[in-house]
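Trainee:
Residue numbers (the numbering used here): 96 to 287.
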């Protein structure tokens with residue numbers, strides 16, 4: 096009888112654990128090829144933020160102090176970067192991007208530097224291209240992305256990386272509304 100109970104508990108644990116990593120809610124529309132916009136991440140994050148927030152530790156807030164001792168942080172500060180995702184481990188990057196999706200108001204106006212996989216989505220009804228930097232978590236089972244808008248000096252496709260290639264981008268974090276949804280983007284971005 097004990098073995099049966101243990102087996103049932105184990106099966107239930109597997110049943111609830113597997114779907115948690117297999118959804119695409121953390122993938123931007125540019126990566127998923129959907130037609131409603133660029134960032135499913137924010138939409139899914141905002142919808143479940145209150146429920147998930149209770150069980151998720153938030154990453155510490157960025158410090159505004161001038162006492163920077165880490166060489167990479169010094170380089171980022173000299174570039175005028177407020178949030179340098181390129182200097183973090185893959186787990187911390189994924190966590191910080193999650194925080195950006197759940198609490199975008201804390202990041203609006205900050206200069207963000209990030210690297211990841213370049214993704215592009217073309218929305219036929221609006222005839223608009225959307226570009227995103229996609230970041231995988233440490234196990235590469237889940238992904239989150241942030242849309243970016245390069246400055247006018249860049250022309251698509253000539254000045255952009257190949258889709259699926261690596262991209263490193265710096266821009267000012269902002270949000271916008273489209274079809275009753277809020278999306279995140281890096282405005283006035285540049286490739287580095």
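Where a beta carbon is used, it is the ideal one built from N, C-alpha and C, also for glycine.
On a CA-only basis, which of 207, 221, 197 is nearest residue 273? Give me that one, please.
Mentor: Nearest option by C-alpha distance: 221.
Trainee: Mark residue 284 as exposed unless 16 or more other C-beta atoms lie within 10 angstroms of its C-beta, in which case mark it buried.
Mentor: Burial call: buried.
Trainee: Can you pull the DSSP bridge partners for residue 192?
Mentor: Note: residue 192 sits in no beta bridge, so no partner.
Trainee: So residue 219 and residue 280 are in contact, right, with Cβ under 8 Å, and what is the actual spacing, rounded?
Mentor: With 8 Å as the limit, residue 219 and residue 280 do not qualify as a contact, their Cβ atoms being about 20 Å apart.
Trainee: What is the DSSP secondary structure of residue 223, reduced to helix, strand or coil?
Mentor: In the structure shown, residue 223 sits in a strand (DSSP, three-state: E or B).
Trainee: Mind checking whether residue 212 and residue 266 have CB atoms under 8 Å apart?
Mentor: No, they are not a contact pair.
Trainee: Am I right that residue 181 and residue 209 are in contact with their C-beta atoms under 8 Å? What's the rounded C-beta distance?
Mentor: That pair is a contact at about 7 Å.
Trainee: Taking the alpha carbon of residue 47 as the point to measure from, which residue in 287, 256, 255, 276 has its own alpha carbon closest?
Mentor: The displayed coordinates of the chain run from 96 to 287. Any statement about residue 47 would go beyond what the structure contains.
Trainee: Where does residue 276 fall in DSSP's three states?
Mentor: In the structure shown, residue 276 sits in a strand (DSSP, three-state: E or B).
Trainee: Does the Cβ of residue 54 have 16 or more other Cβ atoms within 10 Å, making it buried, or fewer, making it exposed?
Mentor: Residue 54 is absent from the structure shown; the chain starts at 96 and stops at 287.
Trainee: Sorted by chain position, which residues of the same chain lie with C-beta nearer than 6 Å to residue 199's C-beta, five sequence neighbours on each side aside?
Mentor: 270, 279.
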